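*Asks:*
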Amino acid sequence: MLNNLSFRAKLLCLLVCAVVGFTLVTLVAINGMNAQQEANQKLRVYGDIGSGVDKVSLGILEAADQLRNLNDSNYAAYTATLEARKQKDIEIFQQDIEKADQTQLANALKSSQTILENYANALLALAKQRSIIGFSNTSGLKGKVSMLGEQIATNVERLSLLRREFVNVRKFEATYLSHPDAEVLADLQKSYDRFISKVNDFGFKDSIGPVAAEYYEALLAYGPAFDSLRQAEQRFDQEKNQFSDSQMALAELISSYVQQAEVASDRQSNQSLYTLIAVSIAVSLVSLLLMMSIGRSARNTLMQVIADLTKVKEGDMTAKAAINNKRNDEFDALSKSLNEMTGGLGNVLSDVVMTTSSVSSMVNDLNGAITNIADNNRSVTERTSSLAVATDDISGRITNLSSTTAELREHSSETYESAKAGAKTIRVVLDNLKGTVDAVNLTGKQLDELGRLSSDIDNVIGMINDLANQTNLLALNAAIEAARAGEAGRGFSVVADEVRSLAEKTVDATSKITDIVSTIQTSTKTAIETMEQGQERLRVIEQNGGEAESAIRTIENNAQTSSQASDEMATSIQDVASTAVQMSTEMDQIAQQLSEDSHSIELIVNSAHQIHDMASSLADKTRVFTLR
Numbered sequence: 001m002l003n004n005l006s007f008r009a010k011l012l013c014l015l016v017c018a019v020v021g022f023t024l025v026t027l028v029a030i031n032g033m034n035a036q037q038e039a040n041q042k043l044r045v046y047g048d049i050g051s052g053v054d055k056v057s058l059g060i061l062e063a064a065d066q067l068r069n070l071n072d073s074n075y076a077a078y079t080a081t082l083e084a085r086k087q088k089d090i091e092i093f094q095q096d097i098e099k100a101d102q103t104q105l106a107n108a109l110k111s112s113q114t115i116l117e118n119y120a121n122a123l124l125a126l127a128k129q130r131s132i133i134g135f136s137n138t139s140g141l142k143g144k145v146s147m148l149g150e151q152i153a154t155n156v157e158r159l160s161l162l163r164r165e166f167v168n169v170r171k172f173e174a175t176y177l178s179h180p181d182a183e184v185l186a187d188l189q190k191s192y193d194r195f196i197s198k199v200n201d202f203g204f205k206d207s208i209g210p211v212a213a214e215y216y217e218a219l220l221a222y223g224p225a226f227d228s229l230r231q232a233e234q235r236f237d238q239e240k241n242q243f244s245d246s247q248m249a250l251a252e253l254i255s256s257y258v259q260q261a262e263v264a265s266d267r268q269s270n271q272s273l274y275t276l277i278a279v280s281i282a283v284s285l286v287s288l289l290l291m292m293s294i295g296r297s298a299r300n301t302l303m304q305v306i307a308d309l310t311k312v313k314e315g316d317m318t319a320k321a322a323i324n325n326k327r328n329d330e331f332d333a334l335s336k337s338l339n340e341m342t343g344g345l346g347n348v349l350s351d352v353v354m355t356t357s358s359v360s361s362m363v364n365d366l367n368g369a370i371t372n373i374a375d376n377n378r379s380v381t382e383r384t385s386s387l388a389v390a391t392d393d394i395s396g397r398i399t400n401l402s403s404t405t406a407e408l409r410e411h412s413s414e415t416y417e418s419a420k421a422g423a424k425t426i427r428v429v430l431d432n433l434k435g436t437v438d439a440v441n442l443t444g445k446q447l448d449e450l451g452r453l454s455s456d457i458d459n460v461i462g463m464i465n466d467l468a469n470q471t472n473l474l475a476l477n478a479a480i481e482a483a484r485a486g487e488a489g490r491g492f493s494v495v496a497d498e499v500r501s502l503a504e505k506t507v508d509a510t511s512k513i514t515d516i517v518s519t520i521q522t523s524t525k526t527a528i529e530t531m532e533q534g535q536e537r538l539r540v541i542e543q544n545g546g547e548a549e550s551a552i553r554t555i556e557n558n559a560q561t562s563s564q565a566s567d568e569m570a571t572s573i574q575d576v577a578s579t580a581v582q583m584s585t586e587m588d589q590i591a592q593q594l595s596e597d598s599h600s601i602e603l604i605v606n607s608a609h610q611i612h613d614m615a616s617s618l619a620d621k622t623r624v625f626t627l628r
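With full-length UniProt numbering, you'll find the sequence shown wraps up at 628, consecutive numbering, no jumps.
(1) CA-CA distance, ALA182 and TYR257?
(2) Tell me the residue span of the alpha helix (DSSP H) that contains GLY140.
(3) Do LEU126 and PHE236 have their CB atoms nearer than 7 Å?
(4) Determine the burial state of LYS144: buried for a count of at least 16 other Cβ atoms within 10 Å of its Cβ, exposed for fewer.
(5) Note the first and the last residue of the continuous alpha helix (DSSP H) segment covering ASN107.
(6) Give the straight-line distance between the Cα atoms of VAL448 and ASN469, rounded to the nearest whole angstrom.
(7) Beta-carbon within less than 6 Å of GLN129's beta-carbon, same chain only, minus the 5 sequence neighbours each way: which residues are those?
(8) With DSSP collapsed to three states, give me the class of ILE306.
(9) Measure the beta-carbon distance from LEU250 to VAL53 and round it to whole angstroms, keeping in mind my assumption that it falls under 8 Å.
(10) For ALA100, count the other beta carbons within 10 Å of its own beta carbon; 16 or more makes it buried, fewer makes it exposed. Which is it?
(11) Would you grab the beta carbon distance between GLU504 and ASN472 for me? Rounded to a whole angstrom, and I think it's under 8 Å.
(12) What's the gap between the Cα of GLN87 and the Cα of LEU61?
(13) Once you ignore the five residues that flank MET33 on each side, which residues in its own chain have a CB closer than 6 Å to its CB?
(14) Put ASN71 into one of helix, strand or coil per three-state DSSP.
(15) In whole angstroms, give me the CA-to-CA distance for LEU159 and GLY223.
(16) Using three-state DSSP, classify LYS320 as helix, strand or coil.
(17) On the CB-based measure, 16 or more other CB atoms within 10 Å of its CB, does GLY134 come out buried or exposed?
(18) Would the beta-carbon of ALA39 fall within 7 Å of that of ALA264?
(19) According to the Cβ coordinates, are LEU290 and LEU14 closer than 7 Å?
(20) Within 10 Å of its beta-carbon, does LYS10 have 16 or more other beta-carbons around it, so buried, or fewer, so exposed?
(21) To the nearest angstrom, how far is it from the Cα of ALA278 to the Cα of ALA261?
(22) State the Cα-Cα distance for the pair ASN74 and PRO210, rounded to the nearest angstrom.
(23) What is the C-beta distance between ASN137 and SER131, in whole angstroms, given that I count them as a contact (C-beta under 8 Å)?
(24) Round the Cβ separation of LEU148 and ALA218 to the nearest angstrom and send it over; I've been treating them as touching at under 8 Å.
(25) CA-CA distance, LYS171 and GLU165?
(26) Kindly indicate which residue of GLU498, VAL20, ASN270 has the alpha-carbon position closest to the one of ASN31.
(27) Have a look at ASN606 and ASP588 and give me their C-alpha separation to the nearest angstrom.
(28) Since PHE243 contacts TYR119 with CB under 8 Å, what's their CB separation in whole angstroms?
(29) Can you tell me where the alpha helix (DSSP H) with GLU173 in it begins and where it stops?
(30) Of the choices GLY435, VAL56, LEU123, ASP65, whose alpha-carbon is the least far from that of GLN95?
(31) I believe ILE97 touches ALA84 by the beta-carbon criterion, under 8 Å. Please report the beta-carbon distance rounded to the nearest angstrom.
(32) Please state the DSSP three-state secondary structure of ASP65.
(33) If the criterion is Cβ atoms closer than 7 Å, does the pair ILE254 and ILE92 meet it?
(34) Would TYR192 pass as a contact of TYR216 if the rule is Cβ separation under 7 Å?
(35) State the start and end residues of the unbroken alpha helix (DSSP H) segment that holds GLU183.
(36) Can you list, in chain order, the residues of its chain with a C-beta nearer than 6 Å to that of LYS42? Leave out the 5 residues immediately preceding and following it.
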């Protein structure tokens with residue numbers, strides 16, 4: 001049955017079998033991958049839930065550890081951070097609840113969420129109570145009691161009886177702050193009542209009484225606040241233990257679900273693998289059987305074609321390959337084409353035999369023509385070589401002239417650059433000289449201002465002398481009044497003497513300042529005169545510098561014109577030299593091309609001889625074929 005099927009039909013059957021098998025394998029693989037992805041998705045969800053729970057636990061435990069380092073400066077930031085963390089942790093639990101696909105796990109997460117919220121609230125309440133009590137002896141109620149106690153102690157420091165009584169109150173205060181029970185409070189009240197009684201007896205009720213009352217109220221408020229702190233600590237411990245138990249139970253539950261998901265994933269993976277192997281083996285067996293059948297049929301047909309081709313190789317152009325008209329596949333088409341090729345090749349060989357003789361005669365004629373071309377080419381080559389030698393001599397002389405012109409151009413350029421540098425230097429000198437003139441003018445203005453200010457200093461010194469004289473008179477009058485007062489005015493007399501002495505020193509100091517200012521004014525006047533002479537000399541130098549700059553600029557322009565003329569001449573000579581060099585180069589190239597053409601003609605001659613020999617050999621070989 002398969003023998004009468006075409007090769008294309010056989011390959012189509014094999015392709016259909018392979019596609020069906022590949023489809024089955026793909027479906028099995030996709031089914032296994034989907035199951036594996038579902039199992040992996042569950043593992044990923046459980047892993048995310050476990051990671052979120054661990055993150056929440058670590059965060060809240062870290063916040064609890066930070067409680068020991070709490071103080072007034074970081075309390076507000078701590079409570080704000082803890083409140084934000086609580087809301088964030090609740091959101092994490094809510095997301096985990098939405099991810100959970102098991103009712104038991106979702107209920108456990110909800111329970112842990114509630115316990116976490118209670119634990120965070122207990123931590124906030126404990127921090128608040130510690131803030132009320134005081135993180136140290138200078139904050140909260142402790143700080144208030146300590147501050148008021150120090151204030152009262154300062155007020156009674158010079159009152160020995162009140163101080164001794166308040167020291168007893170402070171002793172009971174220290175004991176009460178450490179252990180605020182009813183017995184210590186009773187002793188504290190008795191000691192405070194004795195202290196208040198003495199305060200009232202000594203008449204300090206208005207000055208010490210209000211502070212003492214506030215101090216006592218702070219002590220009374222400390223006891224209930226301390227009890228609230230203990231309750232907050234107990235509640236915190238309970239919530240902490242409950243939170244730890246809840247987290248452990250939740251971790252164990254998540255671990256059990258992870259193990260179940262891993263077992264299910266492994267089971268599904270093995271099942272998919274076994275199914276895939278079975279389907280692959282079945283498809284491979286069917287494809288192998290079909291390929292063996294197709295291969296056997298194709299081999300028989302090819303062996304027959306090879307036998308016919310062997311006959312053609314031996315020169316038998318009359319050999320014919322067998323054709324199956326019922327099958328009429330690619331191999332039959334190949335046999336038909338082989339028969340057509342054999343017939344056509346026979347015709348071609350017949351034409352080749354006829355053409356070979358014609359080619360031999362044409363090659364002989366071509367040899368004669370090529371020999372004449374080679375002789376003419378040698379003559380042209382010799383004349384071109386002589387012309388190239390003459391062109392090289394002209395190029396060398398022009399090159400020497402170009403070198404001399406280049407040296408002239410360099411000297412002109414150096415002259416121009418030197419003139420330009422001199423002009424630049426003079427311009428810099430003039431700019432600096434102008435700056436110097438401006439600086440000298442500014443210095444003169446400042447010296448004038450200094451002279452004016454010196455005059456103002458004389459006026460101020462006069463005012464200081466007047467004040468000193470008046471102060472001396474006032475001191476004298478004060479001494480007289482002190483003498484009249486007798487013993488009661490002795491201290492005032494001493495002050496008057498000191499004031500008078502100070503006035504006399506002021507007069508002496510102003511006298512010295514006056515001398516110094518006079519000296520400064522004299523020096524300033526001399527400096528102004530010297531500065532004016534310097535300004536006049538600088539103006540003369542500036543005028544001469546401008547004339548020198550104009551002269552240098554003229555030299556620069558002349559040097560530039562000479563340099564440009566040298567450049568133009570050098571450029572022209574270089575252009576001529578380039579043209580000569582180019583002519584020499586082109587002549588060399590022509591000579592080389594003619595030499596190459598001569599060589600090519602020799603190759604053509606040799607090739608023509610070879611073609612003649614090959615045509616003879618081809619004629620000999622075509623005689624072995626059997627033609628119609």
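Don't be surprised by glycine CBs; every beta carbon is placed ideally from N, CA and C.
Keep in mind the model is a prediction, meaning the values are calculated, not measured.
*Replies:* To lay it out plainly:
(1) 56 Å
(2) 140-155
(3) yes
(4) buried
(5) 103-133
(6) A small fix is needed here, since residue 448 is Asp in this sequence, not Val. Using only the alpha carbons, I get a separation of about 32 Å.
(7) SER228, LEU229, ALA232
(8) helix
(9) 6 Å
(10) buried
(11) 7 Å
(12) 15 Å
(13) none
(14) coil
(15) 30 Å
(16) coil
(17) buried
(18) yes
(19) yes
(20) buried
(21) 26 Å
(22) 33 Å
(23) Their Cβ separation, rounded to whole angstroms, is 14 Å, which puts ASN137 and SER131 out of contact at 8 Å.
(24) 6 Å
(25) 10 Å
(26) ASN270
(27) 27 Å
(28) 4 Å
(29) 160-178
(30) VAL56
(31) Incorrect: roughly 20 Å between the Cβ atoms, too far for contact.
(32) helix
(33) no
(34) yes
(35) 182-201
(36) ALA261
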